[in-house]
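Here is the structure we will look at.
There are 2 protein chains.
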Amino acid sequence: MTHTFQPVKRAPLYMKVYQAIEADILSDRLPEHSALPTEADLSAQLGVTRSSVREGIRLLEQSGLVERGPGKRLIVKRPQTSEVAEAASKGMVRGGVTFREVWQALSAMYPSASALAAEHLSEEAISELDQVVANLKDIPAKEHERVVENAVEFFQMIARGLDNRVLLTMLQSLNILIEASLKQVIENTPKAKKRISVAQRNILGAIKAKDRDLAAEWMSKHINDLKRGYDVAGIDLNQHVI
Amino acid sequence: MTHTFQPVKRAPLYMKVYQAIEADILSDRLPEHSALPTEADLSAQLGVTRSSVREGIRLLEQSGLVERGPGKRLIVKRPQTSEVAEAASKGMVRGGVTFREVWQALSAMYPSASALAAEHLSEEAISELDQVVANLKDIPAKEHERVVENAVEFFQMIARGLDNRVLLTMLQSLNILIEASLKQVIENTPKAKKRISVAQRNILGAIKAKDRDLAAEWMSKHINDLKRGYDVAGIDLNQHVI
DNA sequence: ATTATCCGGTTGTCGGACAATGCTATTATG
DNA sequence: CATAATAGCATTGTCCGACAACCGGATAAT
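Heads up: the protein sequence lines correspond to chains U and W, in order. Taking this note's numbering, the leading residue of the first sequence gets 24, the next gets one more, and so forth. Taking this note's numbering, the leading residue of the second sequence gets 24, the next gets one more, and so forth.
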């Protein structure tokens, strides 16, 4: 019976630098909005060269834990929902997800989100949503980009109104994933604007009436309509998202 | 009325290096599994020093687009769902989300996921799920860690069975977020194991019967039960997740 | 008071050097 | 001949020192 050794853990210095600073940030020894020491100081304190410090800092930077003022010191910050959402959707796109997966996720999540919205949205959030729905009227049906923008903003407003950063993050990544294909769909679907407008008004009405089930149902229809759009536009659902 | 100028866009070289390589990866000019040129070559090709190249590579590395074989060349890869999920949940934790937000997200997403599972899960996935449910029987109620593991694995199996990487990514981040608090809940809830077991069997039954609504309903109950656990365990829902 | 100039601190970039490591081909050994 | 030891070689990781670019603030000039 031979003793088994743990593989000695070896990591490049720049990685250790990253982990050391990250640990101090996560434990609030480096509180939000505080400035990191200068590279030279870090180099001295950690006992490695400035080169290694700099490489470690790049890792920090990419994980969204610090932010550089223009040209200046690094400031500790919390990652914003939008950043996390963007990174996640970027990762998923690169991971090769298909339109079908995105659409399925939409249809699984947004009806529930609408139901939540029906019981949760503040007066203010509702009036903003109202505004978005009203705005669509003034957009000429030919201006596809603006219609897409409006359609996405409608989703966005519902997501934001939930006042829940976890859901917001996830719904935002969906919004990012869907936006690209939405343009194709809307360009190729006759009466797209009209149908979107009807759906929006029905969803909004249900939310105002605080009717969970109705809100979910109309949202569900809205998203199913979208799926039909894929067929009409001739988009293969098994295609990778951009 | 004064004219407003766009700020001149200036980026450090290491950032340009990152963007250049990223662009080549995203466009498949650098296909998956291919090796990046050596740092020296990159330095020559891009016309910057190796130091700058290395800093750019750290950014790439952190975004999960490349992977280092042990000690050696960087290989292009697709980010794994688990990585994206982990990064997202890490970002959300750091963003300061509360237990309430996590729980609300759970209760918004998992019932829909269960409904999908009811119509979607393969025979194989169901039998694996069956196994997980059966395993719980053999775990002594006192071994909280193992009960937690099992509870999370149950969620995990449902998520994986959906065969949808977008949903999988999102549900996985939820699983990571919930796991930590679950232990506290289970430790402080009498008959936790029993209640979990009942819920699992009911959900599984509904999925086997391909009954969407029933699956969603039982999952909803399961998650509500969890929320009661928070109260019993005396966990403040407004607390930040770890 | 506004503009121009200077100055010190910090980041960004460069170039070179060398150690540590892994791979490959060659040589030595049974 | 097959296998093991060895020697090179290529590549990454780390260090060092230098300097340009840039920022903010202080000071001087108009």
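Glycine residues also receive a C-beta, built at the ideal position from the N, C-alpha and C atoms.
Residue i at chain W interface by Cβ criterion, 7 angstroms
i	result
LEU152/U	no
ALA111/U	yes
PRO35/U	no
GLY114/U	yes
VAL175/U	no
GLY184/U	no
PRO102/U	yes
ALA62/U	In the sequence on display, residue 62/U carries Glu and not Ala. It does not; no Cβ of chain W falls within 7 angstroms.
MET193/U	yes
ALA46/U	no
GLU78/U	yes
VAL107/U	yes
SER86/U	yes
ALA131/U	yes
ALA43/U	no
ALA128/U	yes
LEU159/U	no
Inter-residue Cα distance where the pair is residue i and residue j
i	j	result
THR25/U	ALA157/W	Its pLDDT being 49, under 50, THR25/U is placed unreliably by the model, and the measurement read from it follows with that caveat. Going from the Cα of THR25/U to the Cα of ALA157/W covers about 36 angstroms.
ARG91/W	LEU97/W	5 angstroms
ALA203/U	VAL116/U	11 angstroms
LEU36/U	ILE44/U	12 angstroms
LEU194/U	ARG218/W	31 angstroms
PRO102/W	GLU109/W	11 angstroms
LYS214/W	GLU176/W	19 angstroms
LEU65/U	LEU88/U	17 angstroms
LYS39/W	VAL99/U	23 angstroms
VAL264/W	ILE201/W	9 angstroms
GLY252/U	VAL208/U	5 angstroms
ILE246/U	ALA256/U	15 angstroms
LEU249/U	ASN198/U	13 angstroms
SER135/U	VAL170/W	29 angstroms
ILE258/U	VAL120/U	14 angstroms
LYS233/U	ALA182/U	16 angstroms
ARG52/W	MET180/U	38 angstroms
GLN42/U	LYS206/W	26 angstroms
GLU172/W	ARG235/W	26 angstroms
ILE48/W	SER196/U	21 angstroms
ASN124/U	LEU190/W	First, the residue type needs correcting, since residue 124/U is Glu and not Asn in the sequence shown. Taking the straight line from one Cα to the other gives about 8 angstroms.
LYS113/U	ALA229/U	33 angstroms
SER57/U	ALA46/U	15 angstroms
Strand pairing of residue i, partner residues [DSSP]
i	result
THR121/U	HIS263/U
ARG91/U	LEU97/U
ALA58/U	ILE98/U
Proximity test, Cβ basis, 7 angstroms: residue i and chain U
i	result
VAL125/W	yes
GLU146/W	no
GLN223/W	no
LEU139/W	yes
ASN187/W	yes
GLY270/W	The requested residue 270/W is not part of the displayed model; chain W covers only 24 to 265.
LYS135/W	Residue identity check: residue 135/W is Ser in the sequence provided, not Lys. Closer than 7 angstroms: yes.
ARG81/W	yes
ALA58/W	no
LEU65/W	no
LEU190/W	yes
Beta-carbon separation (whole angstroms), residue i vs residue j, contact threshold 8 angstroms
i	j	result
LEU227/U	ASP153/U	7 angstroms
GLN127/W	ASN187/U	5 angstroms
ALA238/U	ALA140/U	6 angstroms
SER137/U	GLY184/U	Their Cβ separation, rounded to whole angstroms, is 10 angstroms, which puts SER137/U and GLY184/U out of contact at 8 angstroms.
GLU84/W	ARG77/U	The pair is not a contact, with the Cβ atoms about 14 angstroms apart (cut-off 8 angstroms).
THR104/U	THR192/U	5 angstroms
LEU159/W	GLN223/W	7 angstroms
Where residue i falls: helix, strand or coil (DSSP)
i	result
VAL71/U	coil
GLN207/U	helix
ASN187/W	coil
LEU227/W	helix
SER145/U	coil
SER66/U	helix
PRO213/W	coil
PRO163/U	coil
ASP236/W	helix
ARG251/W	helix
ARG33/W	coil
ARG52/W	coil
SER86/W	coil
The ligand MG heavy atom lying under 6 angstroms from the CB of residue i
i	result
LEU129/W	The ligand MG is absent from the structure shown, which contains no ligands of any kind.
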